[in-house]
Amino acid sequence: DQQVKQNSPSLSVQEGRISILNCDYTNSMFDYFLWYKKYPAEGPTFLISISSIKDKNEDGRFTVFLNKSAKHLSLHIVPSQPGDSAVYFCAASSYNDYKLSFGAGTTVTVRA
Amino acid sequence: DGGITQSPKYLFRKEGQNVTLSCEQNLNHDAMYWYRQDPGQGLRLIYYSQIVNDFQKGDIAEGYSVSREKKESFPLTVTSAQKNPTAFYLCASKTGTSGNTIYFGEGSWLTVV
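Chains A and B, in that order, are what the protein sequence lines are. Every position in the first sequence, counted from 1, becomes a number in the working numbering once 44 is added. Residue 84 in the working numbering sits at position 100 of the second sequence, with consecutive numbering throughout.
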């Protein structure tokens, strides 16, 4: 049973606009959430994380929002750039749990 | 430079053969992981190891084996018992003391011919 879900397999956005990626989770024990970016045939790279004591974390163009009551998080990329075209994975775990659960990924395409 | 090195990048295997994928890290990380990615799917955990000489099965361990004789190394053997071995394999690691940010290697493509 998949505990982390990314229901949008793809997203197309114009360069300069905002990209919003969504992620839902079912395990109420999750308290640490991460976003990874992946190019084809490469390993995922860590983007940004958030713990459950926060509802927002910002790093440059990337902001992650956490809504614990809805078990929902989102990643905002502003402004979107062509180099942002990649697959984005949402991941979650319980603090100090050695395992991460990943969503299926959302493919973002930034149009010129 | 510190990092996680996987080899080989591309590997072809005949049906019925075992193959071993190498993973080495010089980050002094305690925990190491093997994930598998299939087209259009997320990352699924095969095996993980928290410390040397110890490892646990992940969600899809059948047909795979691992060893952790050294902190730096966590090789994965794909055995002939694995029904659908063609996939992209990712090794990862993390330190035991800095939360749950896992860092990944560049991946290895395994194709069964």
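The beta carbon of each residue, even a glycine, is placed where N, CA and C say it ideally should be.
As DSSP reads the structure, N101(A) sits in a beta bridge with V108(A). Judged by beta-carbon spacing, S49(B) lies within the 8 Å limit of T63(B), meaning their Cβ atoms are closer than that value. In the structure shown, D141(A) falls within a coil segment according to DSSP collapsed to helix, strand and coil. With a threshold of 16 other beta carbon atoms within 10 Å, A76(B) meets it and is buried. Per DSSP, K55(B) lies in no beta strand (DSSP E) and is assigned neither H nor E.
Three or more pairs of CB atoms, one per stretch, sit closer than 8 Å, so the segment 60 to 77 of chain A contacts the segment 118 to 131 of chain A. Look at D38(B) here: in three-state DSSP terms it is coil, with no helix or strand label. Taken through DSSP and simplified to helix, strand or coil, D22(B) comes out as coil. Neighbourhood of A130(A) in chain B, by CB distance below 9 Å: empty, with the nearest CB roughly 14 Å away.
Annotation for F74(A): A136, S137 and S138 place their beta carbon closer than 7 Å to its own, counting only its chain and skipping 5 residues before and after. Not flagged as an interface residue toward chain B: S56(A), since no C-beta distance is shorter than 8 Å. Contact between Q50(A) and G127(A) is ruled out by a C-beta separation of about 21 Å, above the 8 Å threshold.
Per the C-alpha coordinates, the member of L11(B), N10(B), T95(B) and G42(B) positioned closest to W18(B) is G42(B).
Less than 8 Å separates the beta-carbon of S92(B) from that of K(-7)(B). Comparing alpha carbon positions, the residue from N111(A), L91(A), S113(A) and K143(A) closest to D103(A) is L91(A).
Under the DSSP assignment, R61(A) falls outside any beta strand (DSSP E); it carries neither an H nor an E label.
Assignment of beta-bridge partners to F90(A) by DSSP yields Y80(A).
Nearest to A15(B) by alpha-carbon distance, out of T95(B), Q40(B) and G0(B), is Q40(B). Between L60(B) and I30(B) the beta-carbon gap is near 7 Å, inside 8 Å, which marks them as a contact.
Sequence-distant Cβ neighbours of L110(A) in its own chain, meaning closer than 6 Å and more than five residues away, are I94, D99 and L117. Interface annotation, G147(A): in contact with chain B, CB-CB separation under 8 Å.
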